[in-house]
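Asker: Below are the C-alpha cells for one structure; questions will follow.
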Amino acid sequence: MLAFETAVLCMLDHLLPGLALLLYLENSGELIRVLI
Numbered sequence: 043m044l045a046f047e048t049a050v051l052c053m054l055d056h057l058l059p060g061l062a063l064l065l066y067l068e069n070s071g072e073l074i075r076v077l078i
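Going by this note's numbering, the letters in the sequence shown line up with residues 43 to 78, in that order.
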C-alpha cells in the first residue's frame with residue numbers, strides 16, 4: 043500500500059504545479075490570449 047501512496051503523491055507532485063499554473067494564467071487573463 044505504501045508504494046501506491048508514493049505513486050499517488052508523485053503524480054500529484056507533477057499535476058499540482060500544472061494546475062496552479064493554469065489557475066494563475068486564467069486569473070491573470072492570459073489564458074484567453076494564449077488560446078486565441
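Using N, Cα and C, we set each Cβ at its ideal position, and we do this for glycine too.
1) Could you spell out the range, first to last residue, of the alpha helix (DSSP H) harbouring G60?
2) To the nearest angstrom, how far is it from the Cα of L63 to the Cα of L57?
3) Throw me the rounded Cβ distance for the L65 and V76 pair, which I believe falls under 8 Å.
Answerer: Reading from the atomic positions:
1) First-last of the alpha helix (DSSP H) with G60: 44 to 70.
2) 10 Å
3) Between V76 and L65 the Cβ distance is about 14 Å, and since that is not below 8 Å, they are no contact.
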